[in-house]
Each structure stands twice: as C-alpha cells, then as structure tokens.
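Here the structure is laid out as structure tokens; the discussion comes afterwards.
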Amino acid sequence: MYIALTGTPGTGKTTVARLLPYKVIDINALVKDGLNFGLDPRRGCLEADMEGLSRRLKEQDSEEICILEGHFSHHFADWSIVLRLDPAVLRLRLEARGYSHEKTQENLEAEALDVILVEAVEQCHRVDEIDTTGKTPCEVANLIMKIIEGEIDLPPGQVDWMDYFEQCHPSFLTARLSSTTM
121 MYIALTGTPG TGKTTVARLL PYKVIDINAL VKDGLNFGLD PRRGCLEADM EGLSRRLKEQ
181 DSEEICILEG HFSHHFADWS IVLRLDPAVL RLRLEARGYS HEKTQENLEA EALDVILVEA
241 VEQCHRVDEI DTTGKTPCEV ANLIMKIIEG EIDLPPGQVD WMDYFEQCHP SFLTARLSST
301 TM
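Mapped onto my numbering, the consecutive letters of the sequence shown carry residue numbers 121 to 302.
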C-alpha cells in the first residue's frame with residue numbers, strides 16, 4: 121500500500137522520510153535514474169515520465185506500507201500526507217539550497233496557494249495535512265506514524281498562508297478580483 125509523503129520542495133519530506141519505520145521510495149531518485157524525458161529548458165529540471173513511474177510503482181506495489189516521497193508522489197497513491205511550512209521559513213530553506221529567485225518565488229506561491237494540497241485532494245481518497253512549522257523532524261515523523269496507525273486524523277484545511285501571499289502579491293489578488301467581478 122502506497123502512502124504519499126508530499127509537499128512543496130523544502131517542507132521536510134526527505135528528512136522526515138528517513139526517520140519513518142517504513143520502506144520509502146524516493147520518486148525523484150526514480151526520475152533521475154531514467155524515468156524522465158530529459159531536461160525542461162524553461163524550468164531547468166528533469167521532466168518526469170509520469171506513465172513510466174506509474175507502471176514501475178504498480179509492479180512493486182504490495183500490502184506492505186510503503187512511503188512514496190516526493191513533491192509529486194500524490195499522483196501515485198490513494199492516500200497522501202501533505203507537509204506544509206510557513207512561507208517565510210520555506211524561503212530561507214530554498215535560498216540555502218541555492219534555488220534561483222524565480223524558482224524560490226514559484227515554490228513560495230505554490231505553498232501559499234495550496235497547490236500540492238489541492239492536487240492531492242483531487243487525486244487521493246484520503247489526505248492528511250501537517251504544518252511542520254516549528255516542529256522537529258522527529259515530531260513530524262511521530263505525527264505521521266500516528267496518522268498511519270489511526271491514532272489521529274489531520275484533515276486538509278487547517279493551514280492557511282493567504283496572508284503571506286496577500287502581503288507579497290497584492291497586485292496579483294487585485295487583478296484576480298477585478299477580472300472575476302466583470
């Protein structure tokens with residue numbers, strides 16, 4: 121049984137996945153190992169072969185709990201756990217990784233606008249959401265284990281970063297609102 125551990129890059133997926141007592145499949149490693157269509161020149165990253173990934177994962181699926189770790193792992197599981205992080209903290213992490221300004225902004229906007237959460241809700245039968253802000257990786261791993269073991273339920277809709285987005289992009293929201301009122 122696959123459970124996706126997903127979220128915007130920088131929210132802690134890889135770090136937390138290493139602490140979990142389950143088999144973990146790193147989706148990004150599969151992409152780097154050949155399940156891709158080459159480099160996307162506009163974004164500067166590999167374009168994942170989603171059908172190839174799906175086939176490979178179906179071949180390996182079993183009754184055993186297995187964590188699919190990666191920012192698009194929710195496309196391959198019926199259950200997703202989405203990690204969230206305050207965009208101000210996320211910015212620092214992405215800049216420390218050496219992300220370009222454009223790539224950092226794209227990821228901050230995705231986090232503020234719930235992009236991965238919305239995709240997970242559309243794709244999966246069950247979605248849980250964890251705000252990792254101010255939590256240690258061990259605390260997050262323990263929450264994930266409690267979710268999987270049925271001890272707690274953290275449904276989507278608990279995290280809201282729109283204040284951050286409105287502060288950073290007021291013209292975007294104003295333009296959006298004016299286009300919807302016409």
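Even glycine gets a Cβ: it sits at the ideal position worked out from N, Cα and C.
This one's a predicted model, so the numbers in the text were calculated from it and none came from an experiment.
Taking 8 angstroms as the upper bound for CB-CB distance, T252 and L205 are in contact here, some 5 angstroms apart. Rounded to whole angstroms, the gap between the alpha carbons of I236 and E271 is 24 angstroms. If you compare the alpha carbons of R211, L233, D146 with that of H191, the shortest gap goes to D146. When secondary structure is reduced to three states using DSSP, F196 falls in the helix class. Put simply, the backbone Cα of K178 is about 20 angstroms away from that of E239. Around the beta-carbon of H195, 16 or more other beta-carbon atoms lie within 10 Å, marking it buried. By the neighbour-count criterion, in which 16 or more other beta carbons inside 10 Å mark a residue as buried, C244 falls on the buried side. Within the same chain, Cβ atoms closer than 6 angstroms to the Cβ of D248 are found at I201, I267, L274, the five residues on either side in sequence being excluded. DSSP lists I187 as the bridge partner or partners of V144.
Excluding the 5 residues flanking it on each side, D181 has same chain C-beta neighbours closer than 7 angstroms at Y122, in chain order. In the DSSP assignment, R246 falls outside any alpha helix (DSSP H) and within the unbroken beta strand (DSSP E) covering 246–251. The beta-bridge partner set that DSSP reports for C165 consists of D160. Per DSSP, reduced to three states, the secondary structure at Y219 is coil, with no helix or strand assignment. Boundaries of the alpha helix (DSSP H) harbouring T135: 133–137, taken from the DSSP string.
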